[in-house]
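Since the structure comes first, as structure tokens, the remarks are kept for the end.
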Amino acid sequence: MLGFNTIFMIFAMAVFGGISLRGGRGNIEDVVAGIFFIGTLFTGLSFLDVGVYLRYAIVGSFIIAGVIINSARFEIRDRLLTSA
Numbered sequence: 021m022l023g024f025n026t027i028f029m030i031f032a033m034a035v036f037g038g039i040s041l042r043g044g045r046g047n048i049e050d051v052v053a054g055i056f057f058i059g060t061l062f063t064g065l066s067f068l069d070v071g072v073y074l075r076y077a078i079v080g081s082f083i084i085a086g087v088i089i090n091s092a093r094f095e096i097r098d099r100l101l102t103s104a
């Protein structure tokens with residue numbers, strides 16, 4: 021499983037940056053913001069001496085929250101655009 025942690029972090033940064041899992045939505049500025057946020061979060065948890073598994077659990081919870089928020093946001097946006 022070489023590189024699993026790297027792929028997980030890249031996925032977290034992209035999803036938290038607003039890249040849609042359905043594809044076709046997102047921009048580079050939001051991805052850069054996601055990179056800074058997740059990187060700062062992970063580094064801050066390291067400085068606080070939080071265990072490795074708990075760090076990944078916290079980042080995973082942010083991924084889940086990001087996916088839920090993005091899905092709801094795009095669902096509301098699509099509903100508003102189709103009704104207009």
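Residue numbers for the sequence shown follow the numbering used here, beginning at 21 and rising by one. Even for Gly, the Cβ is constructed at its ideal location relative to N, Cα and C. Since we're looking at a predicted model, the values are computed, not measured.
Next item on the list: Count the other CB atoms, across all protein chains shown, that sit within 10 Å of the CB of A85; report buried if there are 16 or more and exposed otherwise.
Entry: exposed
Notebook entry, point to check: Of the choices G37, R97, I88 and Y76, whose alpha-carbon is the least far from that of F28?
Noted result: Y76
Next item on the list: Give the straight-line distance between the Cα atoms of I96 and V35, rounded to the nearest whole angstrom.
Entry: 18 Å
Notebook entry, point to check: By Cβ distance below 6 Å, which residues in the same chain neighbour V79 in space, the five residues on each side in sequence not counted?
Noted result: A32
Next item on the list: May I ask you to report which of helix, strand or coil DSSP gives D69?
Entry: coil
Notebook entry, point to check: Cα-Cα, which of I39, T26, I30 and N25 is closest to I88?
Noted result: I39
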